[in-house]
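Heads up: the sequence shown begins at 1 in the UniProt record's numbering, then just goes up one per residue.
Take a look at the structure below.
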Amino acid sequence: MDQFFIQRQSDLNEISLSILEKSSELSLGCDRPQEVKKLHSKENQVVLENLEPLKRNKNLRYLQLDYFQLKGQVFSDLSTFVSLEGLALDSCSLTKWNWISDLLNLKDLSIISSRFIDISPIKNLRQLKKLNLYQNGITNLGPIETLIEIEELSIAWNKILDISPLSSLLNLESLKLNGNNKLQSLAPLEGLKKLKRLSVDILKKEKNRFARIRPDIEISGQFFTS
């Protein structure tokens with residue numbers, strides 16, 4: 001089995017969890033969990049207590065658990081999936097996530113609207129190529145400066161004032177900064193030669209200044225006069 005879907009809609013390739021929408025506990029299982037390579041779950045809005053049925057799986061490459069309440073031993077369970085290359089935990093109300101530092105093979109990480117501020121647990125995930133931390137409470141980008149393989153980065157709708165740590169991301173091709181409305185300067189991005197797409201909300205005069213220096217970059221967003 002290459003893919004295992006858990007969603008509201010069911011068909012021959014999916015297992016519906018609609019009957020469990022009001023459950024307080026959820027176990028995930030299949031006949032041959034060791035062969036599952038992809039696991040998706042979206043909009044179930046149930047409490048997920050553990051991933052025990054999948055812990056024997058050494059081949060899982062991609063895991064998506066969106067809109068879950070993650071409790072109990074789920075966090076320690078996740079740290080055992082060291083083969084993961086892709087992980088999405090969007091809208092999961094994360095507060096503690098030090099366990100993610102064990103997932104050194106991650107190449108694609110998405111944690112959207114999960115209410116965390118400290119991103120230091122990701123500082124050693126140096127194989128990351130895609131990182132989406134949209135709409136959290138992030139203020140300090142320091143831990144990102146070591147993630148030099150990143151090609152796509154979204155840190156839109158946070159509380160970022162200083163983007164100087166991004167100056168080390170020489171492989172960066174796409175950057176989303178929208179919603180960080182107190183951002184004043186794009187100067188740290190001037191030396192990122194591979195950067196081709198930038199989304200940002202910033203003063204028009206700073207956007208124009210940056211565009212003169214880097215006319216090769218496609219810039220979109222809102223540009224304020226004051």
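Glycine included, each C-beta is placed from N, C-alpha and C at the ideal position.
All values reported here derive from a predicted model rather than from experimental measurement.
Residue of L141, L189, S154 and I119 minimising C-alpha distance to L170: Between L170 and the set L141, L189, S154 and I119, the nearest pair of CA atoms involves L189.
Closest Cα partner of P215 within the set L203, L192, I202 and S226: Closest by C-alpha distance to P215, out of L203, L192, I202 and S226, is L192.
E206 to K58 span [Cα, whole Å]: Distance from the CA of E206 to the CA of K58, rounded to the nearest whole angstrom, comes to 49 Å.
Those residues which DSSP pairs with E152 across a bridge: Beta-bridge partners of E152 (DSSP): K130 and S174.
Beta-carbon proximity check, C92 vs S120, cutoff 8 Å: The answer is no: Cβ separation not under 8 Å.
Residue from D201, T225, S226 and L195 whose Cα sits closest to the Cα of I213: Looking at the Cα atoms, L195 is the closest of the given residues.
L128, buried or exposed, once every other Cβ within 10 Å from all chains shown has been counted against 16: Classification of L128: buried, given that the 10 Å Cβ count is 16 or more.
Own chain partners of S199 with C-beta closer than 6 Å, once the 5 adjacent residues on each side are dropped: Within the same chain, and ignoring the five residues on either side of S199 in sequence, the residues whose Cβ sits closer than 6 Å to its Cβ are K176, N178, S220 and G221.
Counterpart residues of L183 in DSSP-defined beta bridges: For L183, which the question treats as bridged, DSSP gives no partner whatsoever.
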